[in-house]
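Residue numbers (full-length UniProt numbering), protein chains in the order written: chain A, 1 to 229; chain B, 1 to 278. For glycine and all other residues, C-beta sits at the position ideal for the given N, C-alpha and C. Keep in mind it's a predicted model, so treat the numbers as computed, not measured.
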C-alpha cells in the first residue's frame, strides 16, 4: 500500500500542494492529467527523485518521505525506458540484483524467469540500441520488477508505441499483475490505457488530485477531462 | 490568401551553389594546414630526419615528451571527470565563476601561465613543496605547465560529454538500489567513454604542443628539461633550421598518429556489437 498525506512538491516556480492519495496493495492506479500538470513530478517525488516540501509518503506502513530512492523499494519505468545503453538486456535486468549482491546463479535464474514472463528470452544478449520501442519497454518493466519492489511507477510507458504493440503490452502488464500481485501507479494520457488497466483513477487537474472509480471516470471523461481547465 | 493568380508550385533552385560556397570557405582552412605540413616536409629530407632521430638530445626530448604528455593526459582526465560532471549536472551559486576560472588557462597567453607558475613557486606554499622535491626547472615543472593548460581542454570536453548523457538512466539506477557513486561508476562513466578518449587525446596533443609555460617555468636546459617543443626552439636559436623542421615533423607525425589511433579505437569500441543473436 502506498499513501500520500498532504504532500507538497515544489519545482522551480511550479508547486503542487496538499495532495492526498491511497493505492492499496495489488491495486493498479492510473494518473491522468493534461501535459504540464505535474504528473511526472508526483511520480518522481514518490520514487525519491524529487524532494517533497511537506507531508508524508507512507509505503506499507513505513514513512519513506525522506528516504533515498535506493531505500524506497519502488520500481520506476520512465517514458523512454531509459535502458542502460552500455549494458545488454540481461545486464539491465540484473543490475538491481548485482547492487543487492545476489549470487551470480540467483541473478541468472531471476533474469531467465523475467525474460520468460516478458517474452524476451531471445533478446537477453542484445543491446538496447537494437531493440524496438515495445521491446525496450518490456526490458524496462523487467528491470523495474526484478528486485520485487513494493510498488512500480510507470511514466507513460506506452505512449510511443503503435496500437498493436500497445495491445500486446496491455496483455503483458495483465500477466505481470496476475503473476506478481503488483501495486502500480501508471501515468497515462490515453483513455484506452485507463479502461484496460486501471483499478483506480487519479486525475491531476488545476493542481488538485482527485480519485475516481474507473467506471465513473470513463462515463464522465469528457466533463472531467475538459471542463474548467 | 492564395488566389488563382499566385503560383502554388514553383521550381526549387539548385543546391549546388550552397555546397560550393560552404566547400570553398571550409577548404581554405584545411588547405592552410595541409600546405604547412607539405612545406615542412619539402624543407627537410629523409636523411635529416634520421640524423635528428640519432641525436642524443633529441632522443632525450622524445622520451621526456612521451613521458610528460602521458602523465599530463592521465592527470588531466582524472581531474576533468569530476569537474566536468559537476559543471554539467549541478546548478549552484558561483557556477559561472567556476566556469570562468576553468577557462583562464585557455585564454591567457602561454607565457603568462609560465610566469604565474614561476611566481606561485616563489610563495611560501610553493617553497614548501619545493623543500620536499624540486619542481621548478625540473621534470615536474614540465608536467605541471602542460597540465595547467591541457586540463582546461579536458574539462571542457568532459562537461560537454556529461551534459549529453540523459539524467534518466542515472535516476533509474538510483531507484534500482544504487547510490550516487555506483550510478556514476556503472551507468554514467561507461557512457562517457568516448568523451574520455577525446579528452585524453586532446590533453595529450595539447601537452605535446605546449611551449611558452615550459620555457618560463622549466627552462630549456638540454638533456634536463628539454621536450620536443623546446628542442625546436633550441635548434632554431643556434640556426639549425633543418633539425628544427625535422623535430617539428616528428611532432606533427606523433600528434597525428595519437589522434587517429585514439579516435579509431574509440569508434570501433562503440560501434561494434558485442552480442548478436540470430
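Item, Value
"Residues that residue 143 of chain A contacts on chain B, provided the C-beta gap is smaller than 9 Å", "172, 176"
"is_contact[residue 271 of chain B, chain A] using C-beta, thresh 8 Å", "Bear in mind that a pLDDT of 45 at residue 271 of chain B, under 50, signals an unreliable position, so the number given afterwards is only what the model happens to contain. No, residue 271 of chain B does not count as interfacial toward chain A."
"Below-8 Å beta-carbon distance, residue 115 of chain A vs any chain B residue", "no"
"Partner residues on chain B for residue 86 of chain A, Cβ-Cβ distance less than 7 Å", "190, 191"
"Among B:212, B:232, B:184, B:207, the one whose alpha carbon lies nearest that of residue 89 of chain B", "B:184"
"Between the CA atoms of residue 95 of chain B and residue 160 of chain B - distance to the nearest angstrom", "15 Å"
"Nearest-angstrom Cα separation, counted from residue 164 of chain A out to residue 74 of chain B", "51 Å"
"Beta bridge counterpart(s) of residue 2 of chain A as assigned by DSSP", "A:23, A:59"
"Residue from A:35, A:193, A:138 with nearest C-alpha to residue 116 of chain A", "A:138"
"Buried/exposed call for residue 81 of chain A, threshold 16 Cβ in 10 Å", "buried"
"Cβ of residue 187 of chain B within 8 Å of any chain A Cβ", "yes"
"Any chain B beta carbon closer than 8 Å to residue 51 of chain A", "no"
"Contact belief for residue 114 of chain B with residue 154 of chain B at Cβ below 8 Å, rounded distance in angstroms", "The pair is not a contact, with the Cβ atoms about 20 Å apart (cut-off 8 Å)."
"Per-residue contacts from residue 237 of chain A into chain B (C-beta, under 7 Å)", "Residue 237 of chain A is absent from the model: chain A starts at 1 and stops at 229."
"Boundaries (first-last residue) of the beta strand (DSSP E) holding residue 162 of chain B", "Premise fails: residue 162 of chain B lies in the alpha helix (DSSP H), 139-164, not in any beta strand (DSSP E)."
"Whole-angstrom distance between residue 47 of chain A and residue 22 of chain A, CA atom to CA atom", "15 Å"
"Span of the alpha helix (DSSP H) around residue 111 of chain A", "104-117"
"C-beta atoms of residue 138 of chain B and residue 225 of chain B nearer than 8 Å", "yes"
"Residue burial classification, residue 158 of chain B (beta-carbon count within 10 angstroms, cutoff 16)", "buried"
"Contact with chain B by residue 23 of chain A, beta-carbon distance below 8 Å", "no"
"Contacts around residue 147 of chain B, its chain only, beta-carbon distance under 7 Å, and the 5 residues preceding and following it disregarded", "72, 75, 76"
"Distance between residue 172 of chain A and residue 122 of chain A (C-alpha atoms, nearest Å)", "16 Å"
"Bounding residues of the alpha helix (DSSP H) (the contiguous stretch that carries residue 182 of chain B)", "180-183"
"For residue 10 of chain A, three-class secondary structure by DSSP", "strand"
"Residue 9 of chain A and residue 41 of chain A closer than 8 Å at C-beta", "yes"
"Close-in-space but distant-in-sequence residues of the same chain around residue 177 of chain A (CB under 7 Å, 5 per side omitted)", "28"
"Assigned secondary structure, residue 58 of chain B (DSSP; H/G/I helix, E/B strand, else coil)", "helix"
"DSSP state of residue 202 of chain A mapped onto helix, strand, coil", "strand"
"Backbone CA spacing between residue 252 of chain B and residue 80 of chain B [nearest angstrom]", "25 Å"
"Coarse secondary structure for residue 75 of chain A, derived from DSSP in three states", "strand"
"Inter-residue spacing [alpha-carbon to alpha-carbon] between residue 68 of chain A and residue 108 of chain B", "44 Å"
"Exposure label - residue 11 of chain B; buried when at least 16 CB within 10 Å", "exposed"
"Residues that residue 151 of chain A bridges to, as DSSP identifies them", "A:74"
"Beta-bridge partners of residue 208 of chain A, as assigned by DSSP", "A:205"
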